[in-house]
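Plus 783 on top of the position in the sequence shown (first one is 1) and you've got our numbering.
Cβ coordinates follow ideal geometry from the N, Cα and C atoms, glycine included.
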Amino acid sequence: MENNKEMGSALPAGSLASPVKITPEKITPAKIIWKKTDAPSMKLHWESAVPFLSFEALDSLGMFMNAFSTRLGGVSTGDEMASMNLSFARGDDEESVRENFRRMAHSAGFAPEDIVMAAQTHTANVRIVTEEDRGNGITRRKPYADVDGLSTNVPGLVLCTSYADCVPLFFADPVKKVIALSHSGWKGTQKKIGKVTVEAMTKAFGSRPEDIYAAIGPSICQDCYEVSEDVIDAFRQAFARDIWEKIFYAKENGRYQLNLWEANREVFREAGITDAHISLPNLCTRCNSALLYSHRAAGENEGRLAAFLSIRS
Ligand SMILES: [Zn+2]
784 MENNKEMGSA LPAGSLASPV KITPEKITPA KIIWKKTDAP SMKLHWESAV PFLSFEALDS
844 LGMFMNAFST RLGGVSTGDE MASMNLSFAR GDDEESVREN FRRMAHSAGF APEDIVMAAQ
904 THTANVRIVT EEDRGNGITR RKPYADVDGL STNVPGLVLC TSYADCVPLF FADPVKKVIA
964 LSHSGWKGTQ KKIGKVTVEA MTKAFGSRPE DIYAAIGPSI CQDCYEVSED VIDAFRQAFA
1024 RDIWEKIFYA KENGRYQLNL WEANREVFRE AGITDAHISL PNLCTRCNSA LLYSHRAAGE
1084 NEGRLAAFLS IRS
């Protein structure tokens, strides 16, 4: 981000109350390809002013806001950005991105000024954020780098991470009232950022793994995710041999199909989270590239989706 002006300064007060109702032209609910899962998953809020997804298991806890954006309902233009790009780092018009954040925030029920953004570089670094971090990446520059996970116990702070195929990990502890949100691409998954995140929640706030609800958001499915042998070698080193067949298989062309969803479920189990508390994705970004941005479907210049998580204040 190149400037520090306040997120809401360009629009008059009250503008959040009257977003434009969108009528998506290219995508309808009937065209969405849903994956079957053996765990609770996400619901699409299609009738909302701006469509978004949320995990029913986290919603039902009653004390957390969770949301994941789609491509729909924003003001960004062009094949790669249209229309709900939520990244300032993709070369999109900055004021368009700000308007997109306003619309998404209005729909999901939070204030954009309360967002705290990560600084994603495929690390396994998790930062504990506090009141002082409110607005980082939105109303002002982030005073940190190399942060792929965020955790807090401050109600009202809205944790935010961005995506186009990588795996969003949501964590909510209703006992200690603590949340975390982590970005887990293949590198983060191989480094087990999901487990690092649980350990950070335990260390900072006394969370017990058995109390934590964890959820894996929309990202690339195994059918869409071909990788080379060096990636698989890294997974062989990080994961026990008896689960290899759950997370990858070899093909005749010498390459592999990697399952980041099952790998992250294994990371959750290793961290002590119970299966009954785990939600899985029912949407692949690449299978649904009209609904969701996908790096593998359209290239590095695609816009970015965003995950949001807060403790209701
Ligand atoms: Zn797919």
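Check	Outcome
Option in 829, 857 and 978 with minimal Cα separation from residue 866	857
DSSP three-state assignment for residue 985, whether helix, strand or coil	helix
Chain-order list of residues whose beta-carbon lies under 6 Å from that of residue 904 (same chain, five-residue window excluded)	929
Ligand 1 heavy atom lying under 8 Å from the CB of residue 854	no
Under the three-state DSSP convention, the category residue 887 falls into	helix
Nearest candidate by alpha-carbon position, reference residue 899, set 1020, 881 and 1091	1091
Cβ-heavy atom distance, residue 810 to ligand 1, below 8 Å	no
Residue 843, buried or exposed, once every other Cβ within 10 Å from all chains shown has been counted against 16	exposed
Proximity winner among 999, 939 and 1032, relative to residue 821 (alpha-carbon distances)	999
heavy atom of ligand 1 below 8 Å from residue 842 C-beta	no
Rounded C-alpha distance that separates residue 860 from residue 989	45 Å
Spatially closest choice to residue 1005 from 1012, 995 and 1043, by CA coordinates	1043
Identity of the residue in 1038, 1049 and 1036 nearest residue 1024 by Cα	1049
Reduced DSSP category for residue 951 - H, G, I as helix; E, B as strand; rest coil	strand
Spatial neighbours of residue 869 in its chain, beta-carbon cut-off 7 Å, leaving aside the 5 residues before and after	852, 880, 883, 884, 887, 945, 1087, 1088 and 1089
Proximity to residue 907 [Cα-Cα], best of 975, 997 and 1080	975
Environment of residue 792 [buried if 16+ CB atoms lie within 10 Å]	Here the model assigns residue 792 a pLDDT of 31, short of 50, so the residue's position is not dependable and the matter cannot be decided.
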